[in-house]
Amino acid sequence: MYTLEEIHKTGFKILPIEIESNSDQINLSANSLSIKRNPLVSIHYCYFKGHDSRINIRDNSTILPAERTLFITNLPVDTTEHHIKHIFEECGIIDRILFHGILMDNEFSASVINADNDDKSIPRENKTQGKKSKKKQRHKFNETVESSVLEGSRNILMPGSTAHIVFKDSEGLTNALNMKQKKRIWNVERQDIPPLGLKRWLQEYQKLRMDPNKLSAQVDEYIRKFEEAEKEKHKALEARRNQPDEDGFILVTGTGKRNINTDGTITVTAAKADVMKNLKPKNKELTDFYRFQMREAKREKLVELRKKFEDDKRKIADLKAARRFKPY
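Letter by letter, the sequence shown follows residues 14 to 341 in the working numbering.
What follows is the structure, encoded as structure tokens:
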């Protein structure tokens with residue numbers, strides 16, 4: 014069995030891995046519908062070599078010791094620690110894995126939320142005035158979404174991302190650099206790995222929607238507290254009513270049958286009939302309020318002026334015909 018191929022003058026080992034995916038083939042017949050799942054296999058190439066730090070930093074050498082660290086690049090976008098351990102567990106015990114180029118879960122969701130929150134109906138001057146406060150509010154809202162909705166989602170890597178694999182001892186790095194050529198499958202079947210694709214978006218969509226039973230319980234609790242507060246407020250008003258002030262006077266307030274929505278300090282009485290007769294009826298229709306009303310009023314006025322002008326011309330013509338026209 015041969016060792017893995019190496020890229021000339023670079024030191025990178027070529028690691029081919031097989032990624033399996035399923036393709037659904039739908040067969041329609043006269044009386045039945047059958048779905049056949051066809052596995053598809055694609056080859057993905059990763060490249061790795063021993064870590065060589067060109068920067069002499071004490072902290073860097075502690076986190077990434079050169080004698081135990083493997084550098085790998087061109088990782089698939091769905092890479093997790095379980096995938097890397099599945100490939101390199103035969104070399105030795107892995108201490109930790111450091112990924113680079115992670116595409117955070119909230120980058121897509123936060124952009125959608127910001128697009129939905131943009132209010133196009135707000136005037137431009139109001140937007141410029143409250144720009145800073147709106148940014149703070151959106152930042153807080155995005156933090157809430159990150160912590161509550163996107164918690165437990167799977168991180169996605171940028172294409173061509175890299176990672177550092179730190180083994181427990183130097184023997185693990187040596188075994189990794191001397192890996193043999195064989196069939197290596199990338200897929201890992203584990204229940205604790207968050208899903209991808211449609212299942213992932215459905216999961217996040219469901220997290221955005223509260224359980225109807227919990228929502229109903231919260232609404233009932235809110236209404237109950239509100240009604241209790243209203244009762245306490247009403248009791249306080251009743252206790253304060255008809256109480257003597259500092260001078261010993263009692264302000265008597267009456268509550269009628271029609272002042273249900275008041276606190277007792279305002280009474281509602283019926284209007285007198287003779288007063289209602291003298292009131293002029295209000296014109297409910299607004300005139301010259303809209304532009305089309307103003308245009309129609311101007312048009313009607315011009316038509317009236319033209320009509321009056323034509324009448325005057327006709328009268329003058331009649332006077333001339335009767336020879337009774339006296340301009341002075």
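Each residue gets a CB set at the ideal place from its N, CA and C atoms; glycine is no exception.
Every value quoted in this text rests on a predicted model; they were computed, and no experiment measured them.
Taking the alpha carbon of residue i as the point to measure from, which residue in the options has its own alpha carbon closest?
| i | options | result |
| --- | --- | --- |
| G173 | Q306, P29, R327, Y60 | Y60 |
| L11 | R222, S183, G114 | In the structure as shown, the chain starts at 14 and stops at 341, and residue 11 therefore has no counterpart that could be examined. |
| A189 | C104, S34, A79 | C104 |
| T16 | L186, L28, K22 | L28 |
| I100 | P225, D233, K195, R312 | K195 |
| N168 | M192, E240, H95, L186 | H95 |
| K62 | T175, R312, T92, V54 | T175 |
| H177 | E241, L88, K238 | L88 |
| I56 | L77, F322, I30, T75 | I30 |
| L83 | L211, H64, I198 | H64 |
| I198 | D331, I97, P78 | I97 |
| A79 | V90, I85, S66, D91 | S66 |
| T75 | R109, L209, E323 | R109 |
Counting only the same chain and skipping the five closest in sequence on each side, list residues whose C-beta sits under 7 Å from that of residue i.
| i | result |
| --- | --- |
| A334 | none |
| G24 | K62 |
| M307 | D301 |
| T342 | Since the first and last residues shown for the chain are 14 and 341, residue 342 lies out of range. |
What are the residues that DSSP puts in a beta bridge with residue i?
| i | result |
| --- | --- |
| T86 | Y60, T175 |
| R112 | Note that residue 112 is Phe in the sequence shown, not Arg. BP columns for F112 point to A176. |
| S34 | L53 |
| K26 | E19, F61 |
| I107 | F180 |
Please go through the same chain and pick out, in chain order, the residues whose beta-carbon is closer than 6 Å to the beta-carbon of residue i, but skip the five residues on each side of it.
| i | result |
| --- | --- |
| N200 | E33 |
| R81 | V179, F180, S183, L186 |
| S134 | Note that S134 has pLDDT 40, beneath the 50 cutoff, so the model's placement of it is unreliable and no number is given. |
| F112 | A176 |
| I20 | none |
| T86 | Y60, T175 |
Tell me which residues share the same chain as residue i and place their Cβ nearer than 8 Å to its Cβ, disregarding the 5 neighbours each side in the sequence.
| i | result |
| --- | --- |
| K193 | M14, Y15, T16, L17 |
Completely contained alpha helix (DSSP H) runs for the stretch 167-255, where each covers 4 or more residues: 183-190, 210-221, 225-253
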